[in-house]
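Each number in my numbering corresponds to the 1-based position in the sequence shown with 14 added. For glycine and all other residues, C-beta sits at the position ideal for the given N, C-alpha and C. The block underneath contains the structure these notes are about, expressed in structure tokens.
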Amino acid sequence: MTDLAAPFAPDWVSPPGDTILDLLEERDWTQAELAQRIGYSPKHVNQLIKGKVPLTEDAAIKLERVLGSTVGFWLAREARYRERCARLEASERYAGWIDWLDLLPVKELMSAGRIEKRRIDAKSKPSLVEECLRFFGVASPDEWSSHYGEMQVAFRRSREEQSDVGAISAWLRMGEQVAEKQDGPKYERDRFEAVLAEIRTQTVLNPEEFEPRLHALFRQAGVAFILVPGIPKAHVSGVARWLSPHRPLIQLSLYGKTNDKFWFTLFHEAAHILLHSKEKKSVYLDDPTQAGAASREEREANEWAGDFLIPRARLAELPLLKSRDAVVNFASEIGIHPGIVIGRLQHDEHIPRSWMNDLKLSLRFTHA
């Protein structure tokens, strides 16, 4: 079935010269006679009719006088013709770039609504190339490779699996697109520290309560906070980076996390902003719940997040928390959700990972 809403995009072009020829036929004029009337050489008129030379403002004025219609009509006719020529030439280039799609998570971008859902076949691939270029905001795969290849040098990975640049760059770009629509004040460290203290108090709430509050609080501190659906091959649950010298970004994936993992990841990324702000070109790709975070920056971020959630002065009490009541009371005393305490107890191997998981809260978010 033909899509009636689709724009008309013929694979042929009609230069303004076709209209000129129609008018000459109506008047029974030759091209030589038009050349004489319009003040151009016969060769120039012939090239104008064939679209080999542009129809300029001077030509439009002369055509208005000699053949009728308006200057605006002739210039619009020329503009449409040149645009269509450019689009046909671009389509030929897109067809030559279809191998680039093999590097990208095309199906995942479709599922996320970032590019149009369609069958991936030889006919659709050139237009998919165009959509992906628009998504990434680059002119060609060469510019994509240059931009994200350069960014790849700045990647600070916490997992060896984080090597799929196509998937990682797509996930990062999804966050950039959301951040581009937001505004706010410049980043201030003191304000950010105060905001983080307020955010810690939100850990006891349900996501429908704390999610909008998080966006507002981070914005007050000049930090872009973005929740974006995860792309599996990226193997990234969170990222901390600087979009500009005055605007850091914390981006978290929307996997169905339990609240202990979510809050630890969030404060882990916040730690990168606080502790490693001199490395503004670095892109910290994190899955801090996994083993292998061996770099100094990752260890520092892990320690800061752990201490921020459970003060170091209270760590000696953790091995004593063997019952639900003990965990709930301890969490209440330090002002965090008991699920976070369970996550820490399991991570530090004070209790088996199968114990008391019902105290954790499964998170589902609605915003992206």
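Quiz item: Could you give the residue range of the alpha helix (DSSP H) that holds Tyr95?
Solution: In the sequence shown, residue 95 corresponds to position 81, counting from 1. Where Tyr95 is concerned, the enclosing alpha helix (DSSP H) stretches over Val85 to Gly110.
Quiz prompt | His161 versus Gly151 - alpha carbon distance | solution = What you label residue 161 is simply residue 147 of the sequence shown in a count that begins at 1. What you label residue 151 is simply residue 137 of the sequence shown in a count that begins at 1. Using only the alpha carbons, I get a separation of about 10 Å.
Quiz prompt | Helix, strand or coil at Ser376 according to DSSP, with G and I counted as helix | solution = Mapped onto the sequence shown, residue 376 falls at position 362. Annotated three-state conformation of Ser376 is strand, per DSSP.
Quiz item: What does DSSP give as the partner residues of Tyr201 in its beta bridges?
Solution: Locating residue 201 in the sequence shown gives position 187, where the first residue counts as 1. In DSSP, Tyr201 forms no bridge with anything.
Quiz prompt | Burial state of Met309, where buried means 16 or more other Cβ atoms lie within 10 Å | solution = To locate residue 309, count along the sequence shown from 1; it is residue 295. Checking the sequence, you will find Ser at residue 309 rather than Met. The residue is exposed, with fewer than 16 neighbouring Cβ atoms inside 10 Å.
Quiz item: Can you tell me the Cα-Cα spacing of Phe149 and His364, whole angstroms?
Solution: Against the sequence shown, residue 149 aligns to sequence position 135. Against the sequence shown, residue 364 aligns to sequence position 350. Whole-angstrom Cα-Cα distance: 46 Å.
Quiz item: Cβ atoms of Ala319 and Ala285: under 9 Å apart, would you say?
Solution: Position 271 of the sequence shown, counted from the start, is the residue given in the question as residue 285. Position 305 of the sequence shown, counted from the start, is the residue given in the question as residue 319. Yes, the pair counts as a contact, with Cβ atoms nearer than the cut-off.
Quiz item: If you draw a straight line from the alpha carbon of Lys247 to that of Lys66, how long is it in whole angstroms?
Solution: Translated into the one-based positions of the sequence shown, residue 247 becomes position 233. Translated into the one-based positions of the sequence shown, residue 66 becomes position 52. Linking Lys247 to Lys66 through their CA atoms gives a straight-line distance of about 49 Å.
Quiz item: Tell me which same chain residues have a C-beta within less than 6 Å of the C-beta of Leu77, skipping the five on either side of it?
Solution: By one-based count along the sequence shown, residue 77 stands at place 63. Correct list, in chain order: Trp88.
Exercise. Could you tell me the boundaries of the beta strand (DSSP E) in which Arg255 lies?
Key: Against the sequence shown, residue 255 aligns to sequence position 241. Unbroken beta strand (DSSP E) run through Arg255: Gly252 to Ser258.
Practice problem: Taking Pro243 as part of the alpha helix (DSSP H), name the residues at either end of that continuous run. | Solution: Taking the first residue of the sequence shown as 1, we reach residue 243 at position 229. Where Pro243 is concerned, there is no enclosing alpha helix (DSSP H), given that its DSSP letter is neither H nor E.
Quiz item: Apart from the five residues on each side of it in sequence, which residues of its chain come closer than 7 Å, Cβ to Cβ, to Phe224?
Solution: Numbered from its first residue, the sequence shown carries residue 224 at position 210. Sequence-distant partners of Phe224 (beyond 5 residues in either direction) whose C-beta falls short of 7 Å from its own C-beta, in its chain, are Gln216.
Quiz item: What did DSSP end up calling Gln360 once you bin it into helix, strand or coil?
Solution: Here residue 360 refers to the residue found at position 346 when the sequence shown is read from its first residue. If DSSP states are grouped into helix, strand and coil, Gln360 belongs with the helices.
Quiz item: Span of the alpha helix (DSSP H) holding Leu289?
Solution: Taking the first residue of the sequence shown as position 1, residue 289 is located at position 275. Unbroken alpha helix (DSSP H) run through Leu289: Asn273 to Leu289.
Quiz item: For the alpha helix (DSSP H) that Ser138 lies in, which residues bound it at each end?
Solution: The sequence position of residue 138 within the sequence shown is 124, counting from 1. No alpha helix (DSSP H) contains Ser138, which DSSP labels as neither H nor E.
Self-check item: Three or more C-beta pairs below 8 Å linking the region 257-271 and the region 190-201
Solution: yes
Quiz item: What do you get for Leu231, buried or exposed, if any count of 16 or more other CB atoms within 10 angstroms of its CB means buried?
Solution: Here residue 231 refers to the residue found at position 217 when the sequence shown is read from its first residue. Buried is the call here.
Quiz item: Which partner residues of Leu266 appear in the DSSP bridge assignment?
Solution: Here the question's residue 266 lines up with position 252 in the sequence shown. Answer is Leu241 and Gly252.
Quiz item: Any idea what DSSP makes of Tyr162, helix, strand or coil?
Solution: If you number the sequence shown from 1, residue 162 lands on position 148. In this structure, Tyr162 counts as helix in the three-state DSSP scheme.
Practice problem: Leaving out five residues on either side along the sequence, give the residues of the same chain with a beta carbon under 8 Å from the beta carbon of Leu334. | Solution: Position 320 of the sequence shown holds residue 334. A distance below 8 Å between beta-carbons, with the five flanking residues on each side excluded, links Leu334 to the following residues of its chain, in chain order: Ala340.
Quiz item: Any heavy atom of the ligand PLP closer than 8 Å to the CB of Arg310?
Solution: Among the components modelled here there is no ligand, and therefore nothing to report on the ligand PLP.
Quiz prompt | Cα-Cα separation between Arg471 and Gln61, rounded to whole angstroms | solution = Because the chain here runs from 15 to 382, residue 471 falls outside it and cannot be looked at.
Practice problem: Give the single residue among Phe276, Ile75 and Lys139 whose Cα lies nearest to the Cα of Trp111. | Solution: Locating residue 111 in the sequence shown gives position 97, counting from the first residue. If we check each option's Cα against that of Trp111, Lys139 comes out closest.
Quiz prompt | Environment of Asp300 [buried if 16+ CB atoms lie within 10 Å] | solution = Taking the first residue of the sequence shown as position 1, residue 300 is located at position 286. Flag for Asp300 reads buried.
Quiz item: Beta-carbon separation of Val242 and Trp185 under 9 Å?
Solution: Sequence index remark: in the sequence shown, residue 242 carries index 228 (1-based). Sequence index remark: in the sequence shown, residue 185 carries index 171 (1-based). In contact: Val242 and Trp185 (Cβ atoms closer than 9 Å).
Exercise. Take Leu323 as the anchor and find which of Val120, His282, Glu312 and Arg313 has the nearest alpha-carbon.
Key: The count along the sequence shown starts at 1 and reaches residue 323 at position 309. Of the listed residues, the one whose Cα sits closest to Leu323 is His282.
Quiz item: What's the C-alpha gap between Pro24 and Glu47?
Solution: The residue given as residue 24 occupies position 10 in the sequence shown. The residue given as residue 47 occupies position 33 in the sequence shown. Confidence at Pro24 is low in this model, with a pLDDT of 45, below 50, so the placement of that residue should be treated as unreliable; the coordinate-derived value is given next. If I take the Cα positions, the gap works out to 33 Å.
Self-check item: Buried or exposed (CB count within 10 angstroms, at least 16 for buried), Ile134
Solution: Indexing the sequence shown from 1 puts residue 134 at position 120. Ile134 is exposed by the Cβ-count criterion.
Practice problem: Could you spell out the range, first to last residue, of the alpha helix (DSSP H) harbouring Asp321? | Solution: Locating residue 321 in the sequence shown gives position 307, where the first residue counts as 1. Its alpha helix (DSSP H) spans residues Arg310 to Leu323.
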